[in-house]
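**Q**
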Amino acid sequence: MGDFANSGFRYPSTRYTGSKRRFLEWIKENSDTIKFDTVLDLFGGTASVSLLFKRYGKQVSYNDFLASNQIVAKAIVENDGITISDKDLASVFSKTQKRYPNFIQNTYKNVFFLDEENAWLDQAITNINKIDNEYKRAILMASLFQACLAKRPFNLFHRANLYIRTNDVKRTFCNKTTWERSFEELVSRYVKEYNNAVFSNKRNNRVIGGYNAAKSPNGVDLVYMDPPYFSEHMTQGTNYLAYYHFLEGLADYKNWKNRLGKDTGKVKRMEDSEEVYSFTRKDRVLETFEKLIKRFQHTQLIISYQSNGIPSKEQIIEMLHNGGKKVKVYEKPHKYALSRRQTNELLFVAT
Ligand SMILES: C[S@@+](CC[C@H](N)C(=O)[O-])C[C@H]1O[C@@H](n2cnc3c(N)ncnc32)[C@H](O)[C@@H]1O
20 MGDFANSGFR YPSTRYTGSK RRFLEWIKEN SDTIKFDTVL DLFGGTASVS
70 LLFKRYGKQV SYNDFLASNQ IVAKAIVEND GITISDKDLA SVFSKTQKRY
120 PNFIQNTYKN VFFLDEENAW LDQAITNINK IDNEYKRAIL MASLFQACLA
170 KRPFNLFHRA NLYIRTNDVK RTFCNKTTWE RSFEELVSRY VKEYNNAVFS
220 NKRNNRVIGG YNAAKSPNGV DLVYMDPPYF SEHMTQGTNY LAYYHFLEGL
270 ADYKNWKNRL GKDTGKVKRM EDSEEVYSFT RKDRVLETFE KLIKRFQHTQ
320 LIISYQSNGI PSKEQIIEML HNGGKKVKVY EKPHKYALSR RQTNELLFVA
370 T
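Given below as structure tokens:
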């Protein structure tokens with residue numbers, strides 16, 4: 020797939036649970052052991068792996084159930100050449116209408132961001148939604164999402180913990196310098212990163228998101244799966260909607276109000292769906308994996324997962340063998356930012 024290490028291409032930075040950005044070189048080396056031309060990235064997240072495959076000339080289909088992630092993939096996987104100019108950026112930052120909606124200011128007061136930042140967000144997202152070109156909108160929104168994550172303690176929206184930023188306490192895990200940078204500065208920084216990642220590989224790369232993963236279309240040479248992680252030490256698997264609901268709201272700003280769940284406390288998040296439960300509930304996760312592997316049993320598969328998970332490495336190998344596949348497993352020591360336990364990153368290559 021070409022010379023990876025010396026290419027100088029910079030992947031946009033990610034602050035996302037389970038992002039494979041740090042493992043791209045390793046994934047590339049091991050996927051080089053099989054032949055494929057078209058690939059479906061089934062749990063695409065930040066689109067880092069889709070972008071890897073796009074760089075190496077593959078035709079990429081990207082899927083993820085979160086609309087905010089699909090927007091990031093529109094910006095860098097589907098988009099072949101549209102970038103953001105200084106003029107575009109200025110139009111997002113300026114007041115171009117007399118009155119702006121105040122949904123974020125009213126709904127999330129003292130929850131995730133300061134009052135003036137909430138007002139800025141209401142204005143910026145309204146301005147972005149007025150832009151006609153969908154790829155320009157996608158780059159601007161993707162940059163806005165990155166800025167929101169950078170300004171959040173732990174880069175998440177699962178707790179109403181603005182106080183961690185505002186209380187005058189000594190912190191042992193401090194990211195305060197980034198939290199206090201303005202939205203304008205951060206959005207401008209991420210627009211540059213995304214602009215630099217836009218290119219054409221002369222293939223028809225598409226975002227097919229919106230489907231539940233298990234129902235996504237078949238008919239590609241390779242399916243790459245990087246599903247949510249369920250640690251054997253936890254009672255629940257990773258709930259991406261609970262972690263990133265605020266970005267989902269920005270992605271669907273006009274309907275946000277109608278999508279708020281009942282009884283979700285101060286964080287006011289969207290209601291969990293069946294798609295979420297298939298990976299977060301202990302009584303469902305094994306069945307979900309079995310169904311997925313069966314669904315794609317006639318296709319080459321590469322699966323990313325971690326050791327100490329449910330299912331275990333041995334269970335995944337058995338499921339793949341039951342589908343008639345030959346399996347190679349690669350391992351790399353790995354520590355996730357939020358965890359103190361040592362786990363290994365696993366890569367199953369099944370043909
Ligand atoms: C481990 S992350 C993928 C990370 C990605 N490979 C990257 O490098 O950023 C798992 C992804 O699965 C998505 N997801 C969770 N449940 C899903 C479902 N039922 N269908 C489709 N996508 C789902 C989440 O939104 C999340 O982005």
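So in the numbering used here, the last spot in the sequence shown is 370, and the numbers never skip.
Idealized CB from N, CA, C, for every residue including glycine.
Pull up the CB-CB distance for A261 and A161, whole angstroms please, since I reckon it's below 8 Å.
**A** As a working mapping, residue 261 is identified with position 242 in the sequence shown. As a working mapping, residue 161 is identified with position 142 in the sequence shown. So it is not a contact: roughly 21 Å between Cβ atoms.
**Q** In or out: F249 buried (at least 16 other Cβ within 10 Å) or exposed?
**A** As a working mapping, residue 249 is identified with position 230 in the sequence shown. Buried, since its Cβ has 16 or more Cβ neighbours within 10 Å.
**Q** From the DSSP output, in three-state form, read off N223 for me.
**A** Taking the sequence shown and counting its residues from 1, one reaches residue 223 at position 204. Coil at N223, not helix or strand.
**Q** Return yes when the C-beta of E306 is under 7 Å from any heavy atom of ligand 1, and no when it is not.
**A** Against the sequence shown, residue 306 aligns to sequence position 287. E306: no, Cβ never under 7 Å from ligand 1.
**Q** With distances taken between CB atoms, is the gap from Y35 to G63 smaller than 8 Å?
**A** On the sequence shown, position 16 is the one that residue 35 refers to. On the sequence shown, position 44 is the one that residue 63 refers to. Their beta carbons are not under 8 Å apart, which means Y35 does not touch G63 by this criterion.
**Q** Where do the ends of the beta strand (DSSP E) carrying V58 lie?
**A** Sequence index remark: in the sequence shown, residue 58 carries index 39 (1-based). First-last of the beta strand (DSSP E) with V58: 57–60.
**Q** Would you list, in sequence order, the uninterrupted alpha helix (DSSP H) runs of no fewer than 4 residues that lie entirely inside the region 241–289?
**A** The qualifying runs are 259–270, 275–278.
**Q** Any idea which residues DSSP pairs V348 with across the strands?
**A** The residue you call residue 348 lines up with position 329 of the sequence shown. BP columns for V348 point to F367.
**Q** CA-CA distance, E153 and Q316?
**A** Taking the first residue of the sequence shown as position 1, residue 153 is located at position 134. Taking the first residue of the sequence shown as position 1, residue 316 is located at position 297. Rounded to the nearest angstrom, the two C-alpha atoms are 35 Å apart.
**Q** Using the C-alpha atoms, what's the distance from N174 back to R40?
**A** The count along the sequence shown starts at 1 and reaches residue 40 at position 21. The count along the sequence shown starts at 1 and reaches residue 174 at position 155. Those two C-alpha atoms are separated by around 16 Å.
**Q** Between T185, I183, A157, N137, which has its C-alpha nearest C167's C-alpha?
**A** By 1-based counting over the sequence shown, the position of residue 167 is 148. Closest by alpha carbon: N137.
**Q** So does T57 have its beta carbon nearer than 7 Å to some heavy atom of ligand 1?
**A** Along the sequence shown, read from residue 1 onward, the residue named residue 57 stands at position 38. It does not: the Cβ of T57 is nowhere closer than 7 Å to a heavy atom of ligand 1.
**Q** What separation, rounded to the nearest whole angstrom, lies between the Cα atoms of I101 and K155?
**A** Position 82 of the sequence shown, counted from the first residue, corresponds to residue 101. Position 136 of the sequence shown, counted from the first residue, corresponds to residue 155. I101 and K155: Cα-Cα distance of roughly 7 Å.
**Q** Quick check on F23: does DSSP put it in helix, strand or coil?
**A** One-based indexing of the sequence shown puts residue 23 at position 4. Any reading at F23 must be qualified, since the residue scores a pLDDT of 49, below 50, and its modelled position is unreliable; the value itself is stated next. Correct three-state label for F23: coil.
**Q** Quick one: what's I322 bridged to in DSSP?
**A** Counting from 1 along the sequence shown, the entry for residue 322 is found at position 303. According to DSSP, I322 bridges with M244, F367.
**Q** So, for L269: in the same chain, excluding its five sequence neighbours on each side, which residues have a beta-carbon less than 6 Å away from its beta-carbon?
**A** Taking the sequence shown and counting its residues from 1, the one referred to as residue 269 is at position 250. I144.
**Q** Please classify G21 as buried or exposed, where buried requires at least 16 neighbouring CB atoms within 10 angstroms.
**A** The residue labelled residue 21 in the question sits at position 2 within the sequence shown. Bear in mind that the predicted position of G21 carries a pLDDT of just 44, short of 50, making it too unreliable to give a figure here.
**Q** Less than 8 Å separating the beta-carbons of T115 and N146?
**A** Against the sequence shown, residue 115 aligns to sequence position 96. Against the sequence shown, residue 146 aligns to sequence position 127. Their beta carbons are under 8 Å apart, which means T115 touches N146 by this criterion.
**Q** Sorry if obvious, but does the Cβ on V68 come closer than 7 Å to a heavy atom of ligand 1?
**A** For the purposes of this step, residue 68 is taken as the residue at position 49 of the sequence shown. It does: the Cβ of V68 is within 7 Å (strictly closer) of some heavy atom of ligand 1.
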